[in-house]
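These notes concern the structure reproduced below.
Protein chains: 4
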Amino acid sequence: MPLDHTARGVFPIAPTPFDTDGRIDFASIERLTAFYREIGSDGMTVLGVLGEAPKLDGVEALDVARCFIRAAGALPVIVGVSAPGFAAMRGLALASMEAGAAGVMIAPPNTLRTDDQIASYYRGAADAIGPGVPWVIQDYPLNFSVVMSPGVIRRIVDENGSCVMLKHEDWPGLEKISALRAAEQVGTGRPISILCGNGGLFLDFETERGADGAMTGYAFPDMLVDLVSLQSDGRRDDAHDLFDAHLPLLRYEQQPGVGLAVRKYVMARRGLIASDTQRNPAARLTPTARAEIDYLLARLSTRDARAGC
Amino acid sequence: MPLDHTARGVFPIAPTPFDTDGRIDFASIERLTAFYREIGSDGMTVLGVLGEAPKLDGVEALDVARCFIRAAGALPVIVGVSAPGFAAMRGLALASMEAGAAGVMIAPPNTLRTDDQIASYYRGAADAIGPGVPWVIQDYPLNFSVVMSPGVIRRIVDENGSCVMLKHEDWPGLEKISALRAAEQVGTGRPISILCGNGGLFLDFETERGADGAMTGYAFPDMLVDLVSLQSDGRRDDAHDLFDAHLPLLRYEQQPGVGLAVRKYVMARRGLIASDTQRNPAARLTPTARAEIDYLLARLSTRDARAGC
Amino acid sequence: MPLDHTARGVFPIAPTPFDTDGRIDFASIERLTAFYREIGSDGMTVLGVLGEAPKLDGVEALDVARCFIRAAGALPVIVGVSAPGFAAMRGLALASMEAGAAGVMIAPPNTLRTDDQIASYYRGAADAIGPGVPWVIQDYPLNFSVVMSPGVIRRIVDENGSCVMLKHEDWPGLEKISALRAAEQVGTGRPISILCGNGGLFLDFETERGADGAMTGYAFPDMLVDLVSLQSDGRRDDAHDLFDAHLPLLRYEQQPGVGLAVRKYVMARRGLIASDTQRNPAARLTPTARAEIDYLLARLSTRDARAGC
Amino acid sequence: MPLDHTARGVFPIAPTPFDTDGRIDFASIERLTAFYREIGSDGMTVLGVLGEAPKLDGVEALDVARCFIRAAGALPVIVGVSAPGFAAMRGLALASMEAGAAGVMIAPPNTLRTDDQIASYYRGAADAIGPGVPWVIQDYPLNFSVVMSPGVIRRIVDENGSCVMLKHEDWPGLEKISALRAAEQVGTGRPISILCGNGGLFLDFETERGADGAMTGYAFPDMLVDLVSLQSDGRRDDAHDLFDAHLPLLRYEQQPGVGLAVRKYVMARRGLIASDTQRNPAARLTPTARAEIDYLLARLSTRDARAGC
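Protein chains in written order, with this note's numbering: chain Z, 114 to 422; chain R, 114 to 422; chain S, 114 to 422; chain Y, 114 to 422.
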């Protein structure tokens, strides 16, 4: 099933598991994917920035994508295909779709500044991958240094029929969601799916602003699933209670640079991946940092049993 | 009493209160300063970035500093004197000291990149204000785009005898505190005071890493005072309980751009300043954002009565 | 005479002369302005970035502007009024106009990224200074990190009737001039004056692309005047011959950071200002650099006698 | 022959030639390399940023490197191996050396800021490629946003015995060369080769400051060879005369973004490559820009017959 604008719920961003020698750990890919299915995820995204995609070569990237897709079964898989050249982007996009991906995700290169530059880049990218591949805009200014206004996002959507989703991780970003939803009410506002990233740091309010769910890599995607579900059931206070219990850890994980190390450490402790190894160069956790995470998990476990790992 | 490296506890960063026409509101300066004294602050800092210092002219800046200093009584006041030219920096620094300031704070211009550039800039600044003025390094990469390693901070301290404190707001920043404290154990490591900013987002662990306290503008400085006090009493779990209760609001306040609007809104609701007016250009809160803050305050009030304003 | 869109020719960017103690050198302001008049300048611009405006306090800035305006006589003077706050911008703009300025120039703060942010900032600024003050957009991405597309410049012009000129110093920037001139041919394209900066590094082609002249601080503004005149007389080859003779020095002056030191050194050698002193912090020339400039001047003097100073 | 610190002269940066469909044009690789040999180049560098290396996949990159190396014969070839992950960097480095490369070049990722971060990154990279691979630091702040002081460059050299060369393209950069040469006079200053890039914009003085030659992609590498030769023969004025004749074109080529299009256009006109095609996304030349280049070539041809192509 190709991705379309009705997508909603939680699409965890999957890390790429490595063994302690830095080789791709396919067994952990299967285990992790099984976990995403068990907890009720609505899809998943692979080969994003935090999936260490730039550290894989072309063959490895496709192997990783295929393994996730196979393990995902009926769950839609979005494959990150960002690349400096459109030829490589097209290659990975077509191969991924052929392998059964539901769509692809495209981040902007960090040289883009003006609205015209951004819109022009996405026209070129959409052209390169062809009209049959549904795709997702990745809007992550803190990481890419590219700032997209609601206006330019609408322009990208209007100019490219195959663009169906926004991965929203601007910061601050709440007003952007409201503006995008308002823009859909007027004129030709073709609706898109909005799933929120940025580690989930504002997910409690993002869903209330009109987002369709989450696409982020927080080490407790099961919490994200529950949160989105509580919000869609109208149980606002319960949603915030759950979120607030996780916020101390979530905030700790959402640190630039070292965040992926935190995430993989917790996922390994939860048994979701065999090792927290990252490929070099990478930020590492000190023993003190690990002890701080352990302390946060211990505190969290009193309010959410899943943290008692 | 001039500032020295033994400073510890909480130095709230004071906003500059304006009336609804954008004029400086001196009555609110007095009210706010009285509040800082009542809650047990150990000092205060004025004319920082979030004090809208760049939007004041030279005469206004000195008037604001003087009003705060007078109201502060015995409380040490640190005055932000960052300026594009050393002449203006020297002028404000000397006038502030003459008015009774305890020290000054200097942020780096956003053009600095290398360790040598940073060290050279601070030598020049220290030279400009003269040896008799104790001063604080402001290390805030997210805002200034200048990244200071522990090594370059040590170098600044070693090269400038009048540098007595670090306002630490790197992100991530916990390992930096550990590295700085470790460096003081060896050789010529002259100790400095480390007070933490960044909205307080990691204050729960920063004190555990060896920071001496907080220097930040969170709208509940009374919570910061309690937190630092609990930590220094060894009541770790209680400190984290208090912190965690505030974290949802604190995180909401710690958004780039719109953060000051959040802070002034809450402070006005608490009656600490008469109006949440900022000078233009400034980011504003939408009604939805205000409602979200009200909701966060209502939730917080069940765990901390001070939020029931 | 207020500035309008018909302005053309050469508006030298004036440095602010200081004596060796860093005090404003008003005698050199008068001498320099007399020189600008003698060589046939069409106007001049003061208190720009290279006028060290941020290192002057408010009183000094106005004194400098007034001194230049008085000395300029009938020559239109544009005053840079960029400031972090709109109140200070308005203050300097109104005082300058009252003193006889022809218009003001406004640079964007380096936090702006999207077209909407840029347009919104300039609406706010235009609003702050009021409809009676003609103003100039300063578009200098290398220095301000703000990139303006032709589209957003047109939008600023369309939204603000008092915007009459673009100081163009994008790099690369030739296509931008062509695009702006093309845009004036369609629909509501209110024409603006385009004067080029960036040290003059592409002035040979910029005039051919449709620019109205130069606004830059190259130490031989007399060459700029001749170049623009040759181009408007249709003497293309002669214009390029003159330009090419100056290019080695012009290129040397157009270095980031140290460029102003080069410029003031040459101007002092030419006798246009008494001293090449800059206010601190500032980049300095080494003896080797000065010798290189002397060598470039000696070489230039064989093709342009004015360099034999 | 492995690269060492005695390397000097001109190492042209080779573009990667593509046919009009974007396929690698191996015949042009051979023609271009033959040209580099004929004009007396001392080596060459392939797969740099302007070699569009990021737009090649791993297999293509190695094919291109091998083709250049084979065609180069005895001429030493340096292969750019910059990559987000050390595993890919190591893979390409070892394969290139096995194919006969003389050394490799490593650019810093744009996230590095402090001296410690830079030094640590290069230690990791040197470790990854192993002690037997001589390598070059690429110091290009305008492109990579990483600024390296002379001090940190010396630190990299001192910490990594296999680092033998600096590709210097800082701007301004003359004082950096002087500082590095001065540092070699004291203590443990192991000498390195310094070849200069930045399009050659300051090559006239860089050799005088102590650089060993040029490593840049200007479309007339034969001029660079002559310039370096004249300088080493002590014919300073002749060197500057030659340089000045080329400066108008060289300056036009050295525009960010569009520079590679200019370079490939001129090289195609000279018959060095079959087509000026770049892989997408890429900046293109308008007809007006092409006419400007033609005009610059025509003017240049009156002073250097090689431009009469």
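For each residue, glycine too, the CB sits at the ideal point set by N, CA and C.
- Cβ contact annotation for S/I182 (same chain, cutoff 7 Å, sequence separation greater than five): V190, A212, G213 and A214, in chain order.
- The three-state secondary structure of Z/C422, taken from DSSP, is coil.
- Annotated three-state conformation of R/T401 is helix, per DSSP.
- CA-CA distance, Y/P244 to R/Q344, rounds to 49 Å.
- Counting only the Cα atoms, S/P128 lies some 11 Å from S/D138.
- Boundaries of the alpha helix (DSSP H) harbouring S/M202: F199 to E211, taken from the DSSP string.
- Contact between the region 271 to 291 of chain R and the region 410 to 418 of chain Z is not established, with fewer than three Cβ pairs separated by less than 8 Å.
- Taking the beta carbon of R/R364 as reference, the chain Z residues within 9 Å of it are L314, F315, L360 and R364, listed in sequence order.
- For S/S306, the enclosing beta strand (DSSP E) covers residues S306 to C309.
- Between the beta-carbon of Z/D335 and that of Z/I152 there is about 4 Å, and that keeps the pair under the 8 Å contact cut.
- Membership of R/K289 in the alpha helix (DSSP H) is indicated by the continuous run L287 to A296.
- No Cβ of chain R is located within less than 8 Å of the beta carbon of Y/D407.
- For a cut-off of 8 Å, the C-beta gap from R/G237 to S/P394 is around 5 Å, short enough to register as a contact.
- According to DSSP, residue pairing for Z/Q251 in a beta bridge involves Z/K280.
- Measuring C-alpha to C-alpha distances from R/C180 to each of R/M157, R/A196, R/G302 and R/G198 identifies R/M157 as the nearest.
- Between S/A178 and S/V159, the beta carbon gap of about 6 Å places them in contact (Cβ cut-off 8 Å).
- Between Z/L287 and chain R, the shortest Cβ-Cβ separation is below 8 Å.
- Against chain Y, a Cβ distance below 9 Å from S/Q298 picks out nothing, because the smallest value is about 16 Å.
- Put simply, the CB of R/P221 is far from chain S, with every gap to its CB atoms at 8 Å or more.
- Our two residues, Z/L255 and Z/H281, have alpha carbons roughly 12 Å apart in a direct line.
- Residue pairing by DSSP puts S/F131 in a beta bridge opposite S/I137.
- A Cβ-Cβ separation of about 26 Å leaves Z/L308 out of contact with Z/F131 under the 8 Å criterion.
- At the C-beta level, Y/D339 and S/P361 stay beyond 8 Å of one another.
- Y/M218 carries a strand assignment under DSSP once its states are collapsed to helix, strand and coil.
- In this structure, R/R419 sits near R/F333, with a CB-CB distance shorter than 8 Å.
- Y/H281 is outside the set of residues whose beta carbon lies under 8 Å from a beta carbon in chain S.
- When Cβ-Cβ separations below 8 Å define contact, S/P369 makes contact with chain Y.
- Residue contact check for Y/V260 against chain R: a CB pair falls below 8 Å.
- For S/M157, the enclosing beta strand (DSSP E) starts and ends at M157 to V159.
- At a cut-off of 8 Å, the C-beta of Y/D357 has a neighbouring C-beta in chain S.
- Under the three-state reduction of DSSP, S/V265 is assigned to helix.
- A Cβ of chain Y is located within less than 8 Å of the beta carbon of R/V265.
- In this model, R/P369 and Z/W284 are separated by some 7 Å (Cα to Cα).
- Our two residues, R/H118 and R/I305, have alpha carbons roughly 5 Å apart in a direct line.
- Contact note: Y/R348 does not reach chain S at a C-beta cutoff of 7 Å; the least C-beta distance is about 14 Å.
- Excluding sequence positions up to five before and after Z/R294, its CB lies within less than 6 Å of the CB of G323, all in the same chain and listed in chain order.
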